[in-house]
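Comments concern the structure below.
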Amino acid sequence: MNATALRAGFQRGLIELRQSFTTVQDLWGYFFPTVVFLVVMTLMKGSVIPGTTFSRGSMTLPSLIGASVGFNAMMSTMQQLTVEREDGTLLRAKALPNGMSGYLIGKIVMVSGMTLVGIALLIVPGLFMFDGLEIDAMTWVTLAWVLVLGLVATLPIGAVFGSLFENPRTMGVIMLPVMALVGTSGIFYPIGELPSWIQGIAQVFPLYWLGLGMRSAFLPDSMVAVEIGQSWRTWETLGVLGAWAVAGLVLAPIVLRRMARRESGSTVAARREKALQRMPG
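Per full-length UniProt numbering, the sequence shown runs over residues 1 to 281.
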């Protein structure tokens, strides 16, 4: 990848990110989930984690920050690729010199920016609304490396799935399993409360480790008692997220290249024709 493609992709991503701040649909996507999460966590304030006096709402905040990183990176990347594959944007990028490289860099910048905005909207009010969180210099250090590694681990997953599905209407196929994974990854309650076989499945995927990493950043050391092995498992978090990052960075370019080679004017026209046929007359 040359410097021109890198610079063009970065600029493209920033432009698309700025445009998202002026689009009603995108603004709704930023604020509505945040409001829902804050309301749900507020309702959980009166409940405590079993065996402790710590509020379930306070414990859920860092878990949701981690889950938001993984969920937004995967689903937003997937959605962007499928939508722009169907409307011909990706085909136009393919026709330009270094167009695909610039296009992908732009998507990485845009989705990363959207994810950062989303978690900022959770963190800023959350720190004032929920008690018991411990904030110091290491909080921000841990937040930074978990965030960066989490994005690198999950963005390629979204790119792979976005390459496999031809239109955004098929996203429901992957949405339900992802939502089930969120529900079983210790985001809303300690994973130790779940059956051991579910714990094992959850620990294979990045969402659990993102939530654990964020809890290690924001929660007091006493709360490690409710985690698996009574440990924040920092090295394991680094290892699992790192493994997903390496696998994604190897697999995603292969899948994307194959997908790009199949794109042509006739395939885009065929998708548009199918979309028109599904529209009510």
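Where is the CB? At the ideal position from N, CA and C, for every residue including glycine.
Minimum C-alpha distance to residue i - residue among the options
i, options, result
"residue 191", "29, 92, 118, 232", "232"
"residue 214", "28, 29, 66", "66"
"residue 128", "111, 61, 87, 180", "61"
"residue 262", "158, 95, 25", "95"
"residue 142", "71, 210, 125", "210"
"residue 73", "254, 224, 206", "206"
"residue 136", "180, 218, 179, 104", "218"
"residue 228", "189, 144, 255", "189"
"residue 35", "75, 220, 123, 110", "123"
"residue 254", "220, 242, 181, 156", "156"
"residue 165", "77, 112, 225", "77"
"residue 148", "115, 179, 55", "115"
"residue 19", "256, 113, 139", "113"
"residue 33", "120, 138, 79", "120"
"residue 175", "224, 223, 6, 79", "79"
"residue 8", "56, 22, 55, 102", "102"
"residue 240", "15, 55, 208, 260", "208"
"residue 244", "154, 197, 16", "154"
"residue 260", "55, 16, 93", "93"
"residue 57", "132, 138, 139, 100", "132"
"residue 150", "230, 139, 22, 68", "68"
Through-space distance from residue j to residue i, alpha-carbon basis
i, j, result
"residue 195", "residue 50", "16 Å"
"residue 10", "residue 106", "5 Å"
"residue 98", "residue 152", "22 Å"
"residue 134", "residue 117", "22 Å"
"residue 158", "residue 108", "11 Å"
"residue 81", "residue 235", "33 Å"
"residue 63", "residue 216", "10 Å"
"residue 126", "residue 59", "11 Å"
"residue 86", "residue 163", "11 Å"
"residue 193", "residue 212", "15 Å"
"residue 47", "residue 221", "20 Å"
"residue 70", "residue 111", "11 Å"
"residue 45", "residue 3", "50 Å"
"residue 224", "residue 144", "20 Å"
"residue 5", "residue 256", "17 Å"
"residue 130", "residue 53", "14 Å"
"residue 17", "residue 55", "35 Å"
"residue 160", "residue 178", "15 Å"
"residue 104", "residue 84", "12 Å"
"residue 75", "residue 173", "12 Å"
"residue 198", "residue 181", "10 Å"
Short CB-CB distance (under 8 Å) between residue i and chain E
i, result
"residue 62", "Note that chain E does not occur in the displayed structure, where there is just one protein chain."
Residue environment, residue i, which counts as buried when at least 16 other CB atoms sit within 10 Å
i, result
"residue 40", "exposed"
"residue 281", "Below a pLDDT of 50, predicted positions are generally treated as unreliable, and residue 281, at 49, falls in that range; the measurement from the model is reported next regardless. Residue 281 is exposed by the Cβ-count criterion."
"residue 37", "buried"
"residue 43", "exposed"
"residue 13", "buried"
"residue 242", "exposed"
"residue 226", "buried"
"residue 24", "exposed"
"residue 237", "buried"
Span of the alpha helix (DSSP H) around residue i
i, result
"residue 202", "196–202"
"residue 119", "99–129"
"residue 208", "206–218"
"residue 53", "Per DSSP, residue 53 belongs to no alpha helix (DSSP H) and is neither H nor E."
"residue 225", "Residue 225 -> no alpha helix (DSSP H), and no H or E assigned at all."
"residue 10", "3–20"
"residue 164", "137–164"
Legend entry - Validate contact between the stretch 235–251 and the stretch 183–190 using beta carbons, cut 8 Å, 3 pairs: Fewer than three pairs of CB atoms, one per stretch, sit closer than 8 Å, so the stretch 235–251 makes no contact with the stretch 183–190.
Inset, instruction - Evaluate the contact criterion for the stretch 27–39 versus the stretch 198–207: three or more CB pairs, one atom per stretch, below 8 Å. - result: Not touching, per the Cβ criterion.
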